[in-house]
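Each residue of the sequence shown is one higher than the last, beginning at 10 in our numbering.
Even for Gly, the Cβ is constructed at its ideal location relative to N, Cα and C.
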Amino acid sequence: MIEKVLIANRGEIALRINRACKEMGIATVAIHSTADSESMHVRLADESVCVGPPPAAQSYLNIPAIISACEITGADAVHPGYGFLSENANFAEIVIAHKIIFIGPQPEHIRLMGDKIAAKRAVASLGIPTVPGSEGAVSSDSEAAAVAKELGYPVLIKATAGGGGRGMKVARSPSELPLAWSTARAEAKAAFGEDAVYLEKYLDKPRHIEIQIIADSRGKVLHLGERDCSLQRRHQKIWEEAPSPALNASSRTEIGATVTRGLSKLGYLGVGTVEFLYENGEFHFIEMNTRLQVEHPVTELITGLDLVREQIRIADGGALDLEQDDVVIAGHAIECRINAENPFTFLPSPGRITEFHAPGGLGVRMDSAAYSGYRMPPYYDSLVGKLIVHGKSRNECLMRLRRALDELVVGGIETTIPLFQELIKQPDILDGAYNIHWLEKFLAARKPE
Ligand code: MV4
């Protein structure tokens, strides 16, 4: 039985994990860099260990220090959160080698889904529809030209070690291909130390829809509906909602069944998110995330499930105590990612939060580690908090979100709250009529402040 969890993360997700542990009667250990000594996740944990100086490489990514923190405190499990080491298969293996429970999938599946070519191949073999593309890596521009001719332009060149939009290059004609291919390889080598790239048919105006799944050690795999994450700025999801305005019940059931059947064959364990592009009524797999995602609260609000609690129970050998028919999508939820950034230039705005007031009331949740007097450090991501709102309908959810945004106060730094107050008045947003390019176009057309 897990008795003490070391939370290998910081900020709001560390708080989130701490909350689930406390409700389960599990003790918690926070790790922190010297920049986070006064942070909320340290204050609310039972114990805390400083793992190094501010740079993530020397602290939150410092595997020896984190393992030592487990040994010192006697933590018998580690929860990686998202980002940092959450999809590092080597870290998972080292944790397990030290007879500590890794709260996440098996290392082999983390590694598999981290290699985007191997992931596509595996997922296709499990009967999940993928984007048309090259069989494997494309190792010369002549081979790229042949594959692109077969696929038809435009094509997208992606890094096998990439993901999340990093290292992608579009080629819209044969003349654009050589440069796109060599640039993608060079950027992949620089970013990931690995220059293998592959080709896909570029889908021009899709939505980005991801399916949340959860699997226990007895082979049960459930899907918890989808999240529409099409509103992204530079591949950072800033507005996610469920259910997707573009899906109906039958398409949800169909893709959910396809995904759970496939992952059951794989023997997947824990939570995972299967990402699709959705265009003309068809789903096309692009990648799978083997971690709890930033936007998991959207799914929690429409299903009533505590995903972190389920993760811990599954990691402890527990069985999912519900069937697919018990997963009921109730109402609508929207999450806005509030960043410490100028709402027009998006330049980071670290510094001291002089006043923090979170909105409340029925159906309003604010996942944040901020507090009045908290100093946003410049070393990590700019997330101030996630405002997640639930309503019986999308319209009720939108009205509640608009009210909550007006209630939210973050003084002393600039934030992207005004961006959301603009977005929520846009007809396309109110109608749910947007695709993955909508936000970039909206931002480009905005009148500068
Ligand atoms: C694509 C695509 C169109 N066609 N693949 C973006 C990050 C990663 N999740 C994969 N992504 C995409 N893959 C094909 N074959 C469109 C995206 C994509 C996207 C691309 C450009 C600008 C914004 C985007 C937002 C979401 C998805």
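> For alanine 98 versus proline 116, is the C-beta spacing smaller than 8 Å?
Replying inline: yes
> beta strand (DSSP E) containing leucine 165: first to last residue?
Replying inline: 164-168
> What distance in whole Å lies between the Cβ atoms of alanine 154 and leucine 186, which are believed to be in contact at a cut-off of 8 Å?
Replying inline: 6 Å
> Shortest alpha-carbon distance to valine 467 belongs to which of Tyr91, Thr43, Arg403 and Ala442?
Replying inline: With the chain covering 10 to 458 only, the question about residue 467 has no answer from this structure.
> Taking Cβ to Cβ, would you say alanine 39 is nearer than 8 Å to alanine 29?
Replying inline: Taking 8 Å as the Cβ cut-off, alanine 39 and alanine 29 do not qualify as a contacting pair.
>> Within 10 Å of its beta-carbon, does leucine 256 have 16 or more other beta-carbons around it, so buried, or fewer, so exposed?
In response: buried
> Taking 7 Å as the cut-off, does the CB of isoleucine 321 come closer than this to any heavy atom belonging to the ligand MV4?
Replying inline: no
>> Taking the alpha-carbon of glutamate 284 as reference, which of Lys434, Gly327 and Glu296 has the nearest alpha-carbon?
In response: Taking only the C-alpha atoms, the option nearest glutamate 284 is Glu296.
>> Runs of 3 residues minimum, wholly inside the segment 220-295: which ones carry the beta strand (DSSP E) assignment?
In response: Secondary structure in the segment 220-295: the beta strand (DSSP E) runs of 3 residues or longer, each lying completely within the stretch, are 230-242, 245-251 and 279-288 in chain order.
> Identify the residues that DSSP records as bridge partners of isoleucine 343: which are they?
Replying inline: In the DSSP output, where bridge partners are listed per residue, isoleucine 343 has Glu250 and Val398.
>> Under DSSP, the beta strand (DSSP E) around glycine 20 begins and ends at which residues?
In response: Counting along the chain, glycine 20 falls outside any beta strand (DSSP E), though it belongs to the alpha helix (DSSP H) covering 20-32.
>> Any heavy atom of the ligand MV4 closer than 7 Å to the beta-carbon of alanine 129?
In response: A quick correction: the sequence has lysine, not alanine, at residue 129. Checking the Cβ of lysine 129 against the ligand MV4 gives no.
>> Quick test of your reading: phenylalanine 292 and proline 138, contact by CB under 8 Å. State the CB separation rounded to the nearest angstrom.
In response: 6 Å
> Taking all protein chains shown into account, do 16 or more other C-beta atoms lie within 10 angstroms of the C-beta of histidine 446, making it buried, or fewer, making it exposed?
Replying inline: With fewer than 16 other CB atoms across the displayed protein chains lying within 10 angstroms of its CB, histidine 446 is exposed.
> When the Cα of phenylalanine 485 is compared with those of Ala133, Ile105, Gly20 and Ala127, which residue comes out closest?
Replying inline: Given a span of 10 to 458 for the chain in the structure shown, any question on residue 485 remains unanswerable.
> So, do the segment 134-153 and the segment 195-211 have three or more beta carbon pairs nearer to each other than 8 Å?
Replying inline: yes
> Does the Cβ of glutamate 337 have 16 or more other Cβ atoms within 10 Å, making it buried, or fewer, making it exposed?
Replying inline: The residue you asked about is not glutamate; residue 337 is valine in the sequence shown. By the neighbour-count rule (16 or more Cβ atoms within 10 Å), valine 337 is not buried but exposed.
>> So, under 8 Å CB-CB, alanine 349 and serine 358 are touching, yes? Tell me the CB distance rounded to an integer number of Å.
In response: 5 Å
> Around the Cβ of alanine 199, are there at least 16 other Cβ atoms within 10 angstroms (buried) or fewer (exposed)?
Replying inline: exposed
>> Pull the bridge partners of threonine 354 from the DSSP assignment, please.
In response: In the DSSP output, where bridge partners are listed per residue, threonine 354 has none listed.
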